[in-house]
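Those protein sequences? They're chains A, B and C, same order as listed. The first sequence begins at 1 in the numbering used here and counts up one residue at a time. The second sequence begins at 1 in the numbering used here and counts up one residue at a time. The third sequence begins at 1 in the numbering used here and counts up one residue at a time. Think of the CB as a built atom: it goes at the ideal place given N, C-alpha and C, for glycine as much as any other residue. Since the structure comes first, as structure tokens, the remarks are kept for the end.
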Amino acid sequence: MNEFYQKDIISIKEFDREKLEKIFASTDKIMQLNSTERRKICKGNTLAYLFYEPSTRTRLSFDSAMASVGGNSLGISDITSSSAQKGESLADTVRIMSIYSDVLVLRHTLDGSSKFAAEVSEKPIINAGSGTEEHPTQAIQDLFTIKKEKKKIDGLKIGIIGDLKYGRTVYSLLHGLGNYDVDVHLISPESLRVRSDSIYEIKKKLSYTESTDIEEYIDELDVLYVTRIQKERFPDEEEYLKVKGSYVVGLDLLKQMKDDSIILHPLPRLDEISTDIDNTKNAKYFEQAEYGKHVRAALLGLILNENGF
Amino acid sequence: MNEFYQKDIISIKEFDREKLEKIFASTDKIMQLNSTERRKICKGNTLAYLFYEPSTRTRLSFDSAMASVGGNSLGISDITSSSAQKGESLADTVRIMSIYSDVLVLRHTLDGSSKFAAEVSEKPIINAGSGTEEHPTQAIQDLFTIKKEKKKIDGLKIGIIGDLKYGRTVYSLLHGLGNYDVDVHLISPESLRVRSDSIYEIKKKLSYTESTDIEEYIDELDVLYVTRIQKERFPDEEEYLKVKGSYVVGLDLLKQMKDDSIILHPLPRLDEISTDIDNTKNAKYFEQAEYGKHVRAALLGLILNENGF
Amino acid sequence: MNEFYQKDIISIKEFDREKLEKIFASTDKIMQLNSTERRKICKGNTLAYLFYEPSTRTRLSFDSAMASVGGNSLGISDITSSSAQKGESLADTVRIMSIYSDVLVLRHTLDGSSKFAAEVSEKPIINAGSGTEEHPTQAIQDLFTIKKEKKKIDGLKIGIIGDLKYGRTVYSLLHGLGNYDVDVHLISPESLRVRSDSIYEIKKKLSYTESTDIEEYIDELDVLYVTRIQKERFPDEEEYLKVKGSYVVGLDLLKQMKDDSIILHPLPRLDEISTDIDNTKNAKYFEQAEYGKHVRAALLGLILNENGF
């Protein structure tokens, strides 16, 4: 029996190196199968999505992943138009959705929501983003992309830039990277540095440096992971515009980087990566999105098949 | 040829005991089939949903039912964002949706909407709730649940509690129960008693008692069917709070009930059933939701297959 | 290899007579196949819809078309609730959606949007309506309907009535008709006449007459194509009401028409065609909607299968 069968995906913290490598291997397999073989993997299975926070991108990534392995999807893409608005509890909604499906994909504003959901659900829960720190499938997707594009993760120097304070993607990625032997360099405006409470646990397994200057270590990086800086995070617009301008990744910056470095972004992107980067060999964010679909397909296949696929 | 083939499901009043028992038998069959066999039943068929009144729960019950028998679903979950907003008539919308599908599931605020739709549609119509009195598939689901959990319907003492005035579910259930030899006990605040015009026909085939006191017959009931009491129904909040408090089904009340009694609810639930009831053997509302999916799958199978399944 | 394989459908202007006839032949084939054979055509393929302008009708036509040939659909029916709201560019959204699917259906307010999308998309783009002039699949559907119902297009006298100024459907149809030897008669209020810039190119290949009087040539028409007149287009309501009243197609007008004339409408209809026309042999707008589904299914089949079907 494969160890992911009927298991929840709640937190990136549950994934050690061995587990991650198994998922990577399954993702590789998904990518090698032809479309007909692939569609046998979850044939006849139904995924239910339950989004308390809208995220078209994540929802469609799961929906298309499920379609690629032959299953179908249904659900609530925006809870404000659903029964939950009538005051139904998360527990009841999850219970019912688990009756309608074989696996449940939950996105919620609150920390701990997926863990709670898993306790009442009859079917496995996949956390598609919750609270301030958790987005485990995004982190696995990011790690897989690094592995795929750099052929390894150990030994890499990885820069993460942007809003490090509020981005759940960043914390999940850092936890994931904690399983590898990497040097992490965090780049952000002073006001958007990683939160000390959230970084506390990460510190135990990961060494990192911090700076506000994007150019400080730029020539040493193997991977530059860019995230959005949201206007809403700043008390005044002038401050925002100043910061925004100094964190745009453009061709000038790329020239200072290693020739074989790669640039990633969880998307959607605003203008933190200039579009003239898109066609360089270093830009890998669209590949990253594609890998994300395959990683999710692999996870669905593992969760729904006792003996894997 | 099976008698439901290509037929509309408009009103619970059209279902006599024999018809109900046939649907129950088909539902039992659905539940016994394995997933692969089940998905042959409506393979290649398309269900279109057309909701003039949003109901995520009902829509997903149909969607998942259709998926379980191998069909797919499409449609309009909230008409306010559709062409109908441009002023298109119900007749035209139904005609077009019937071109896009093999069976149409309609939810509408008006009495008679489904009957009207059936006259213009090229494909069978299933009423998924209309006007003040009709929700036939919910009633069949409720009857099936009682039969399944109590092994019979005849001879049972059935309490129905809550908002009996405005709940279409209640009237549909009463009509359905009229086909059986049952004692019905209606419990509601004075201001939310069943409407005399709506109960008129039911009275001819069903004997019932009424009270405002939940405890009056509680120890005699085999089934307690709980419905929501909606705040909007009360002229002032104080009145609402008084009533609400006295109609909560909790462990204290359960202790007064027969050991093998069951508690049902069409869901979503607010706090009219205390969550500490959920894990008792008497709570059957989540089973009820699951049976609902299978009942709908059976109906779809019967409507779309000339010789049944 | 069929010439439509992996090709975009951007503009009706790209379709000459030969191409149109090939699509018509494929549509005929779709209509002759039984449901099981039909569902093999796009089995395992995914259509992604991306609507920057809501259109339930067009979306469901594509969704049901894709289902009829065995594929599935996913996407964004209303971009305002999606990541694009976070400021993502059309280019990025298209790139990502093309990762999630095999073919992309785009509806957008701007002229040129589909052409632009095709440049960045990894998968074929179908224009489902853009800007002021283009709705190519609607035009092909309209031409197919005329051919099917009148057994020919050449030699017909075709009236087009209503809002000829703002309707993209009208311009696309006129371009399509430019491939045939037809007489076109345009009927509209003075203020809603065809735009001279948009008709400029059409004039080169199509001869037409214009009038404001619906009855002028009514007895000569083989086809009357009716479009909506939208209240919003008029500066004051009185003017609107005057015009509206004089462009309603009712039984009186029908009596003046040739016995074998047909009446078409892209739908949704308000009251520009009286409902007592619906059951006459001349009313073909619901057939037109059905043909639209098959035309789209044929296009999907051609685009997604190297050797056609």
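Neighbouring residues, chain C, relative to residue i (Cβ below 7 angstroms)
i	result
D276/A	Residues of chain C passing the Cβ test: none, with the nearest at roughly 12 angstroms.
F234/A	Result: empty, since nearest Cβ-Cβ is about 16 angstroms, beyond 7 angstroms.
E290/A	I99
Per-residue contacts from residue i into chain B (C-beta, under 9 angstroms)
i	result
S101/C	Near S101/C there are no residues of chain B at all, since even the closest Cβ is about 16 angstroms away, more than 9 angstroms.
Residue i - partner residues in DSSP beta bridges
i	result
A48/B	L74/B, L104/B
N307/C	Paired residues: none, contrary to the question.
I9/C	I126/C
Unbroken alpha helix (DSSP H) run spanning residue i, endpoints
i	result
G112/B	G112/B -> no alpha helix (DSSP H), and no H or E assigned at all.
Y225/B	Note, Y225/B: premise wrong, no alpha helix (DSSP H); beta strand (DSSP E) at 223-226.
D63/B	56-68
T27/A	17-32
S98/A	90-99
E210/B	Where E210/B is concerned, there is no enclosing alpha helix (DSSP H), although the beta strand (DSSP E) it sits in stretches over 208-211.
K203/C	196-203
T36/A	35-38
Partner residues on chain A for residue i, Cβ-Cβ distance less than 7 angstroms
i	result
T310/C	Here chain C has residues from 1 to 309 only, and residue 310/C is not among them.
T132/B	Ordered by position in chain A, no residue passes the 7 angstroms Cβ test against T132/B, which lies about 18 angstroms from the chain.
Contact list for residue i against chain B, beta-carbon separation under 8 angstroms
i	result
L74/A	L60, D63, S64, A67, S73
T27/C	Those within 8 angstroms of T27/C in chain B number zero; the least Cβ separation is about 15 angstroms.
T212/C	The premise fails here: T212/C is roughly 24 angstroms from chain B at the closest Cβ pair, so nothing lies under 8 angstroms.
Contacts of residue i in chain A (Cβ-Cβ under 8 angstroms)
i	result
K293/B	I99, Y100
R168/B	Within chain A, no residue comes near R168/B; the closest Cβ sits about 15 angstroms away, beyond 8 angstroms.
Within chain C, partners of residue i - CB distance below 9 angstroms
i	result
R39/A	K43, G44
Residues that residue i contacts on chain B, provided the C-beta gap is smaller than 7 angstroms
i	result
R95/A	F286
Contacts that residue i makes with chain A (C-beta to C-beta distance below 9 angstroms)
i	result
T36/B	K43, G44
Practice task
Let me know the beta strand (DSSP E) ranges lying completely inside the region 246-287 of chain A, each 3 residues or longer, listed in chain order.
Solution key: 262-264
Exercise for the section: List in chain order: all unbroken alpha helix (DSSP H) runs of 4+ residues lying wholly within the region 107-193 of chain B. Expected result: If one requires a minimum length of 4 residues, the alpha helix (DSSP H) runs lying completely within the region 107-193 of chain B are 113-120, 136-150, 168-177, in chain order.
Practice task
May I ask you to list, following chain order, the residues of the region 107-119 of chain B that have a beta carbon less than 7 angstroms from some beta carbon of chain A?
Solution key: none
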